[in-house]
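Asker: Reading the sequence shown from the start, the letters are residues -22 to -1, 1 to 242 in mature numbering (1 follows the signal peptide of the UniProt record, and there is no 0). Got a structure for you, questions after.
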Amino acid sequence: MSRLLLSSLLASSLLCTLPASAVSGCFLYVDSNGQTLSAEGDCTTRLPPASTFKIPLALMGYDSGFLVDEKLPALPYKPSYDGWLPAWRETTTPTRWAAHSVVWFSQQLTEWLGWERFQQYVNRFDYGNRNIDGNPGKHDGLTQAWLSTSLLISPEEQARFLSKMLSGKLPVSAQTLQYTANIFKVSEIDGWQIHGKTGMGYPKKQDGNLNRDQQIGWFVGWASKPGKQLIFVHTVVQKPGKQFASLKAKEEVLAALPARLASY
């Protein structure tokens, strides 16, 4: 796997490890009331959320005041931060954070919140298994919980979370919801605004190392226009190839959406 190819992937999604039990992908459509419209594959197995966790992180950030709008705060890169990708070694705004999956920006947000408030948000959002302990014995959940460690969520739970968010059932303001939607907008289709986030990872082997013979990717989000909303959650399970699982998941959703939206 070339560094250039991996860098292009990580610009839109973070690598994380996933349980070996995740053996089948899921394609799920849900309406804004939480009613399942269609479901294919394994939509019940819990997986680490990877970069898709930036959606709830954005809600936490705007609700708490750490995030101001789409352009503020503009946090400068510091040598002590993870700057493995060139895109991470620049001043980062909320929009840039969402687009490039800047790890250290997420971690600055959660460290600012502190463990207690972070846990409170995860509980209030009823997000997956709610476990932010992180790696066993390392007490690193504040910065690592969603990155292949303790926090897990199924496709069905992702859809449920998004349904609560879109229907105003989460304890955050309308302005928080709007800013979050703004930074995760990815395209437009026939008058529908498409918002979403990718995430990708590998299962772990028995020895704890990544199993790079299998990739599992996410693309989760929603399509909206006045009076209508459609939630989608897609996971792809595949062997490594020319296209990464997360990017394939995103492309498959965007390819399927025009026909789905036309009949919705």
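We put the beta carbon where it would ideally sit given N, CA and C, even for glycine.
Considering only the alpha carbon of each residue, which of 220, 148, 232 lies closest to residue 201?
Answerer: The shortest Cα separation from residue 201 among 220, 148, 232 belongs to 232.
Asker: With a threshold of 7 angstroms, establish whether the CB of residue 144 neighbours any heavy atom of the ligand GTP.
Answerer: This structure simply doesn't include the ligand GTP, nor any ligand for that matter.
Asker: Kindly indicate the opening and closing residues of the beta strand (DSSP E) around residue 17.
Answerer: Where residue 17 is concerned, the enclosing beta strand (DSSP E) stretches over 14 to 19.
Asker: If I follow the unbroken beta strand (DSSP E) through residue 196, where does it start and stop?
Answerer: Note, residue 196: beta strand (DSSP E), 193 to 203.
Asker: When you compare only the Cα positions, how much space is there between residue 214 and residue 130?
Answerer: The straight-line gap from Cα to Cα measures roughly 17 angstroms.
Asker: So, is residue 190 buried or exposed, given that buried needs 16 or more other C-beta atoms within 10 angstroms?
Answerer: Residue 190 is exposed by the Cβ-count criterion.
Asker: For the beta strand (DSSP E) containing residue 254, list its first residue and its last residue.
Answerer: Because the chain in this structure spans residues -22 to 242, residue 254 falls outside the shown range and cannot be described.
Asker: Around the C-beta of residue 1, are 16 or more other C-beta atoms found within 10 angstroms, so that it is buried, or is it exposed?
Answerer: Interpretation of residue 1 is limited by its pLDDT of 47, a score under 50 that renders its predicted location unreliable; no figure is taken from the coordinates.
Asker: Can you have a look at residue -19 and say buried or exposed, based on whether 16 or more other CB atoms are within 10 angstroms of its CB?
Answerer: Since pLDDT at residue -19 reaches only 38, below the 50 mark, its modelled position is unreliable, and the value read off the structure follows with that caveat. When all chains shown are included, residue -19 counts as exposed.
Asker: From residue 55 to residue 80, what distance separates their C-alpha atoms?
Answerer: If I take the Cα positions, the gap works out to 10 angstroms.
Asker: Measure the alpha-carbon distance for residue 117 versus residue 10 and round it to whole angstroms.
Answerer: So the two alpha carbons sit approximately 37 angstroms from each other.
Asker: How many Å lie between residue 38 and residue 221 at the Cα?
Answerer: If I take the Cα positions, the gap works out to 32 angstroms.
Asker: In three-state terms, what does DSSP make of residue 105?
Answerer: Correct three-state label for residue 105: coil.
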